Structure formats: structure tokens, C-alpha cells
Amino acid sequence: MEDRRAVKQASGVSDFSRVLRPIRARPADTVRPTRAEIDLSALRHNFAVLQKKSLSPVWPVIKADAYGHGAKGIARTLERAGAQGFCVALVEEAVELREAGVFASVLVMGGHYDRAYEELLRHSITPVLTSAAQIESLSCAARQHQTAPVAVHLKIDTGMGRLGVVPRDLEDVADAFQRNPQIQLQGLMTHFACADTDPDSVRRQLEVFSAATKTLAARGLNATCRHAANTAALLGAPESHFEMTRPGIGLFGVAPTPGYGEELRPVMRVRTAVVAMRELQVGETVGYGARWTAQRTSQIATIPMGYADGFSRMLSEKGSVLVNGHRCPVAGTVSMDMASIDVTDVPTRIGDEVIVLGSQRGLAGERTITARDIADITSSIPWEVLTSISRRVPRFYREP
Ligand SMILES: *Cc1c(COP(=O)(O)O)cnc(C)c1O
Numbered sequence: 001m002e003d004r005r006a007v008k009q010a011s012g013v014s015d016f017s018r019v020l021r022p023i024r025a026r027p028a029d030t031v032r033p034t035r036a037e038i039d040l041s042a043l044r045h046n047f048a049v050l051q052k053k054s055l056s057p058v059w060p061v062i063k064a065d066a067y068g069h070g071a072k073g074i075a076r077t078l079e080r081a082g083a084q085g086f087c088v089a090l091v092e093e094a095v096e097l098r099e100a101g102v103f104a105s106v107l108v109m110g111g112h113y114d115r116a117y118e119e120l121l122r123h124s125i126t127p128v129l130t131s132a133a134q135i136e137s138l139s140c141a142a143r144q145h146q147t148a149p150v151a152v153h154l155k156i157d158t159g160m161g162r163l164g165v166v167p168r169d170l171e172d173v174a175d176a177f178q179r180n181p182q183i184q185l186q187g188l189m190t191h192f193a194c195a196d197t198d199p200d201s202v203r204r205q206l207e208v209f210s211a212a213t214k215t216l217a218a219r220g221l222n223a224t225c226r227h228a229a230n231t232a233a234l235l236g237a238p239e240s241h242f243e244m245t246r247p248g249i250g251l252f253g254v255a256p257t258p259g260y261g262e263e264l265r266p267v268m269r270v271r272t273a274v275v276a277m278r279e280l281q282v283g284e285t286v287g288y289g290a291r292w293t294a295q296r297t298s299q300i301a302t303i304p305m306g307y308a309d310g311f312s313r314m315l316s317e318k319g320s321v322l323v324n325g326h327r328c329p330v331a332g333t334v335s336m337d338m339a340s341i342d343v344t345d346v347p348t349r350i351g352d353e354v355i356v357l358g359s360q361r362g363l364a365g366e367r368t369i370t371a372r373d374i375a376d377i378t379s380s381i382p383w384e385v386l387t388s389i390s391r392r393v394p395r396f397y398r399e400p
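Position 63, counted from 1, in the sequence shown is what our numbering calls 63; the numbers after and before it change by one each time, with no gaps.
Here it is in C-alpha cells:
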């Protein structure tokens, strides 16, 4: 470690890097049978489905390690499939894509740059700015490094009440652009609060967005790339497609509103296997807190996947998994590294495949557990279910 740092310093390469490096189990290093299989053909299928419905180019949103699917592998696949640009939340996520050799445009939507402006410039990352102060800071960094004009996107808060320029501050922002001509307004974006549930709110937010666009245009600031649509708006509100769309969850096969986007295919399948079997007699208990008691002679299978892997503790006594094509309930409390499954009704042996998320075929036909099924049990949403599959679970990329 000491030596490597010395070499780096001598070569003038900074030891400092902002990349988020998931210390994730690599497929080749894996010992446990617990893994996430990523179906790249399903990903390409979903990208094609969404691109067909979108009236403008789709810029995949691959923040949070591509919703848990692995940002590098997902970006490379989508870039080959024709994606012109990607959206992420953090500067670190953008740098990770550049270091993985992604050439397409990368837009950082999160709006936090602190002292990272120089890195944006060095890696040709496009920032979304949200204030006049950020325009000044970026301009200062651009002058210091004597860069070519820097293209930025501006975020307008049209009703999320979270991040972005509120309409009354638009004149200040326009002033800042005029004071700093090397910062060029290329894009204008906003984000919907209720695109999946409330078409009226989408219309209201679009009105505010349109008014903001006009205010800036009156000051000579004409953004050539406007964008607003997440997956729900891509599927349900074509008037929000503008010059690009920003779907995330749909790419990974989840319809944000049940009934929309039925042709999307799940990309992630999480599987493990039975590593131990127990026969319990009436009155014997399973797991922490002894919350599950055998009411009959019971067969309990142990799986090496727990809440530290993303198998939520909220699934204790409520969730189920697929074993030999049957849905089998979780028995007792989910532990950090293990969970127990009641397989009394399904002949099961050590080594049998267990599906936590996705489909399994058995003698009784095919059964599926979707991210939404899990979210409904854990009072969550499919977005959180997918992003919760942790770094301990290696991702295996599949090309069928
Ligand atoms: C996450 C995100 C999206 C994508 O949303 P989905 O519902 O996953 O399609 C789009 N825009 C912004 C600003 C986001 O943060």
C-alpha cells in the first residue's frame, strides 16, 4: 500500500478518487450459492420497449449502481444498444462510468458538487445545477482550468419541493448565466411528484415548467434539451417527453403503475440454495426470539441469505420463497446471514435451488415472486427492493 502511493505520487497521478467502489463479492470469488442473475437480453428488451414508446431519445437512469444491477455492466450493455447518454445521482457514480470506459454523455442529477467541480470538468461530466451560486462556482473552476465552454442542465422545482430553482429565483439564475458566459445552458429539467398516480399533477407541474422555460427564453437563455419524464411519465404522459426521457425502474422490468408497461421483463433474479435441513417436532421453535413454533412435525430448510444481503427482516413470518416450483413461507425471524423456510409440504433436499426474487419452474408449472410482491409485504416499493440487494451478493451477467 505504502509503495503504491509512492509510485502514484511520483507519476503525478492523484491518489484521490471519488469513485464509489462496491467491495462486492465477485462471481469467481463466491463461496455461497446466493447470487443475483442479471438478464442482459431482458434489459435490452426493456430499453427497446421504452425507446419505442418515447417520443425522444431515452437516457437511462442508472443511479444507485443501476438500481442494484451493477452500473458498469448495465451502462456498457445499454451503450452498445444505442443509449446516447446516462443519468446518475452522484458525481462518484458518474466517475465510475467514465473509469469503466463509458463514452456516452453522463448527467449528474443529484445537484451536490461541493469541491468536485474540477472532476466534472476533467471527466466531461454534465452537471445539473440548481442555483446561481453553483453557476459561479463552476465558472470559477472553468476559468482556473481554462476549459472550453461548459454545458450544464438546470433543474426547475415545479412541485417536488425538494431540489431545483423555484420560479421566483429564475431572474437571479439568469443574471448568473449572463455574468458567466462560459457556462452554457444546454438542458432544462424537472421531476414529477406523482407521475404514477395523478395525471392532473403532471399537467400542473408541466405548466410551471413551461412558464420557467419562457422566463429564461425572455432572457436569451434557450435550452435545447428539455426533459422531465421518469418511467411513469414516459408510459403515461407523452406531453412530457420533450427532447429526452429519463426512465429508471422500467429498464429493470418493473411497471411503476400496475397495468402499465406489462410487456417489460424483470432483469434481476435472486437465487440461493438450501444449505441445511431440520426436522422439528411439535412445540420446537426456529430462530431469534423463538417466534415460530412447530404446530406439526415440520421440515425447515436453512438458506444462506439474510437481511444483510437484502432479504428484508420485514419478511419474517410474512414472506415466502420458491422451492421446487412451490411457494414456501419464511419461518420465524430473518437473521443477518440466514433465513429459515417451512418446506414441510414440498419434498426438499440440501442443494435445492431457492428463488427469492424472480421465477422458478417446477412440476406444478412456473411461479414468480416480483419486486412488487416483496414490496407489498414489507410496506416498501419495488425501487427499494431492488436497491437493497447488497454488495455481499455477487451479480452474474447472463446472455441467454
Ligand atoms: C430516479 C429518477 C428518475 C427515474 O425514475 P423511475 O421512476 O425509476 O423511472 C428520473 N428522474 C430523476 C430526477 C430521478 O431521480
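Beta carbons: idealized from backbone N, C-alpha and C, even for Gly.
Just so you know, these numbers come straight off a predicted model, no measurement behind them.
If we count the other Cβ atoms within 10 Å of its Cβ and call it buried at 16 or more, is residue i buried or exposed?
i      : result
LYS8   : Confidence at LYS8 is low in this model, with a pLDDT of 41, below 50, so the placement of that residue should be treated as unreliable; the coordinate-derived value is given next. LYS8 should be labelled exposed.
ASP3   : Unreliable positioning characterises ASP3 in this predicted model, as indicated by a pLDDT of 42, which lies under 50. The coordinate reading is nonetheless provided below. So ASP3 ends up on the exposed side.
ASN324 : buried
GLY164 : buried
GLN405 : Residue 405 cannot be examined here, being either before or after the span of the chain that is shown, 1 to 400.
PRO60  : buried
ASN180 : buried
LYS52  : exposed
LEU357 : buried
PRO247 : buried
LEU185 : buried
PHE103 : exposed
LEU280 : buried
MET1   : Its pLDDT being 37, under 50, MET1 is placed unreliably in this model, and the coordinates cannot settle the point.
LEU386 : buried
ARG162 : exposed
GLN84  : exposed
SER11  : Note that SER11 scores a pLDDT of 40, beneath 50, so its modelled location is shaky; the value from the coordinates is reported in the next line. SER11 should be labelled exposed.
GLN182 : exposed
GLN205 : buried
PRO27  : exposed
VAL166 : exposed
VAL282 : exposed
ARG122 : exposed
GLU399 : exposed
ARG203 : exposed
ASP29  : exposed
Thinking residue i and residue j are a contact (beta carbons under 8 Å), I'd like their distance in whole angstroms, please.
i      : j      : result
ALA193 : GLY159 : 6 Å
PHE86  : VAL106 : 5 Å
ALA273 : ASP345 : Contact doesn't hold; Cβ gap of about 19 Å is too wide.
HIS145 : GLU171 : With 8 Å as the limit, HIS145 and GLU171 do not qualify as a contact, their Cβ atoms being about 29 Å apart.
ILE341 : VAL321 : 6 Å
LEU120 : HIS153 : That pair is no contact at about 12 Å.
ARG392 : ALA25  : 6 Å
GLU93  : LYS63  : 6 Å
TYR67  : PHE252 : 5 Å
ALA301 : MET277 : 6 Å
Going by Cα to Cα distance, which pick from the options is closest to residue i?
i      : options                           : result
ARG313 : ARG246, TYR288, GLY325 and ILE125 : TYR288
ALA36  : ASP373, GLY310, GLU136 and ASP169 : GLY310
ALA233 : THR224, ILE355 and HIS191         : HIS191
SER124 : SER137, PRO149 and LEU43          : PRO149
TRP292 : MET305, GLU262 and PRO329         : PRO329
ILE381 : TYR113, ARG115, THR257 and GLU99  : THR257
ASN230 : PRO27, GLU262 and ASP196          : ASP196
GLN134 : ARG143, THR147 and HIS112         : HIS112
VAL58  : ALA375, ARG226 and GLY362         : ARG226
VAL254 : LEU50, PRO33, PRO27 and ARG32     : LEU50
SER316 : GLU136, GLN299, ALA339 and LEU206 : ALA339
LEU363 : ARG98, ASP169 and ARG327          : ARG327
THR285 : ALA48, ALA331 and ILE389          : ALA331
GLN178 : GLU263, LEU221 and GLY73          : LEU221
VAL48  : GLN295, ARG80, HIS69 and THR34    : The amino acid at residue 48 is misidentified as Val; the sequence shows Ala. Among GLN295, ARG80, HIS69 and THR34, the Cα nearest to that of ALA48 is on ARG80.
Where does the unbroken beta strand (DSSP E) through residue i begin, and where does it stop?
i      : result
ALA126 : Per the sequence presented here, residue 126 reads as Thr, with Ala not at that position. 126-129 is the extent of the beta strand (DSSP E) around THR126.
LEU154 : 150-155
GLY85  : 85-88
SER430 : Shown here, the chain extends from 1 to 400; a query on residue 430 therefore has no answer.
PHE396 : 395-398
Going by DSSP, what residues sit across from residue i in a beta bridge?
i      : result
ALA301 : MET277 and ILE341
ARG269 : GLU37
GLU366 : ARG361
MET244 : HIS227
SER185 : Contrary to the premise, residue 185 reads as Leu rather than Ser in this sequence. DSSP lists VAL152 as partners of LEU185.
SER320 : PRO329
What residue range does the alpha helix (DSSP H) around residue i cover?
i      : result
GLN205 : 199-218
PHE177 : 170-179
ARG143 : 132-144
ARG372 : 371-377
TYR67  : 63-68
TYR117 : 117-122
LEU97  : 91-99
LEU78  : 71-80
PRO382 : 382-388
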